[in-house]
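In the numbering used here, the protein residues as written are 131 to 479.
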């Protein structure tokens, strides 16, 4: 999902695929036994992702329902509150200290490593790089660099009303502080105290190691690597897509896109999941449905209708016997009695 978010131009789609990526963090942590960090990240993520989605709504409102980031740019001076709050959300989801995402995401990754899953940690660190990059790509395309807004719309751009900016501010505050309030000291903060009784049995069953947190030991190294990678992704986003007075490098982006044409296409087309769904569920599912329809109409309904048709045919045949003449009925009775007598004599012998 993080690789898909790298190339999307719809601001809401970037955040939607980002959400899938962050949920991947949580499920990966649950799979490694890092139960409390997974819940911790769920809590912090709720604040800064809610902030980012509401912020994107404020941006869309400002540019008259436009969602394509390629038709934005330079909005930071016109929607300042939205810009600052979304910057806070972007820093938080990137895991930049001391914001909320830093405390939960890095603890999640560190415990995955310590519980014997270094490959999960490595993938998580890679996703951290991508997350920081695509979030500051979003920020650059939306708020920095030259304006690409429709000339007819640009004079009408304005900040959202307090009913929209108020919730942004209210969510920006916990996006900064909720991580340290719930997660400090690391691995023994209030959220750990709260959830420890809930997951104690599962942790005992899995025999998970419980080593003290060491800032200058393994924990500090893992934390430092994760933060450094996030900073690299963030700076790369700044350099390519702009940040405040730092101009975007549009030509460099085009060159990279041309050189990485195949990965770019795969990402832009969402790993062709839509086409795969169309093949598996629409086309093949349609063939199966049509086959079942044929079986239902020609076999099941055919059997039922065949019984009815046979009954009607036999009825029409027997109807010819019903002439209404007594002589014919008497002749029929006599013939029947004669046949019965012959049958009796044959059997009796």
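The beta carbon of each residue, even a glycine, is placed where N, CA and C say it ideally should be. Since we're looking at a predicted model, the values are computed, not measured.
In terms of Cβ geometry, residue 272 and residue 169 do not form a close pair [threshold 8 Å]. Taking the Cβ atoms as the reference, residue 269 lies roughly 14 Å from residue 188, outside the contact range of under 8 Å. Excluding sequence positions up to five before and after residue 147, its CB lies within less than 6 Å of the CB of 131, 134 and 135, all in the same chain and listed in chain order. Counting along the chain, the unbroken alpha helix (DSSP H) around residue 293 starts and ends at 292-313.
Look at residue 178 here: in three-state DSSP terms it is helix.
Here residue 213 is not near residue 221, since their CB atoms are 8 Å or more apart. Here the alpha carbon of residue 229 sits roughly 24 Å from the alpha carbon of residue 163.
Under the three-state reduction of DSSP, residue 390 is assigned to coil, being neither helix nor strand. Taking all protein chains in view, the Cβ of residue 442 is surrounded by fewer than 16 other Cβ atoms within 10 Å, so the residue is classified as exposed.
Between residue 165 and residue 314, the C-beta gap is not smaller than 8 Å, which leaves the two residues out of contact. For residue 443, the enclosing alpha helix (DSSP H) begins and ends at 431-449.
The DSSP assignment places complete alpha helix (DSSP H) segments of no fewer than 4 residues inside the region 187-237 at 210-224, in order along the chain. Non-local C-beta neighbours of residue 184 in its own chain, meaning closer than 8 Å and more than five positions away in sequence, comprise 294, 297, 298 and 301, ordered along the chain.
Excluding five sequence positions before and after residue 215, the CB atoms of its chain that fall closer than 8 Å to its own CB belong to 181, 185, 295, 298, 299, 301 and 302, given in chain order. Residue nearest to residue 257 within the set 388, 291 and 358 is 358 (criterion: CA-CA distance). Collapsing the DSSP output to three states places residue 160 in a helix. 191 is the residue among 356, 191 and 360 whose C-alpha sits nearest the C-alpha of residue 284. Beta-bridge pairing by DSSP links residue 373 to 376. Nearest C-alpha to residue 157 among 278, 286 and 251: 251.
Only exposed fits residue 351, as fewer than 16 other CB atoms lie within 10 angstroms of its CB. One Cα belongs to residue 372, the other to residue 336, and the distance between them is close to 47 Å.
Closest in alpha carbon position to residue 326, among 151, 159, 152 and 167, is 167. Assignment of residue 280 by DSSP, reduced to helix, strand and coil, places it in the coil class.
Counted as a single uninterrupted DSSP element, the stretch harbouring residue 337 is not any alpha helix (DSSP H), since DSSP gives it neither H nor E.
Linking residue 376 to residue 367 through their CA atoms gives a straight-line distance of about 11 Å. Contact check for residue 234 against residue 171 passes: the beta carbons are separated by less than 8 Å. Distances from the CA of residue 174 to each of 321, 197, 427 and 433 were compared; the closest alpha carbon is that of 321. Looking at the backbone, the Cα of residue 395 and that of residue 355 are separated by about 30 Å.
Residue 349 and residue 240 do touch by the CB rule: their CB atoms are close to 6 Å apart, below 8 Å. Nearest Cα to residue 139 within the set 150, 202, 155 and 176: 202. Counting C-beta atoms within 10 angstroms of its own C-beta, residue 430 has fewer than 16 neighbours from the protein chains shown and is therefore classed as exposed. Inter-residue distance for residue 195 and residue 246 is about 48 Å (C-alpha atoms, whole angstroms).
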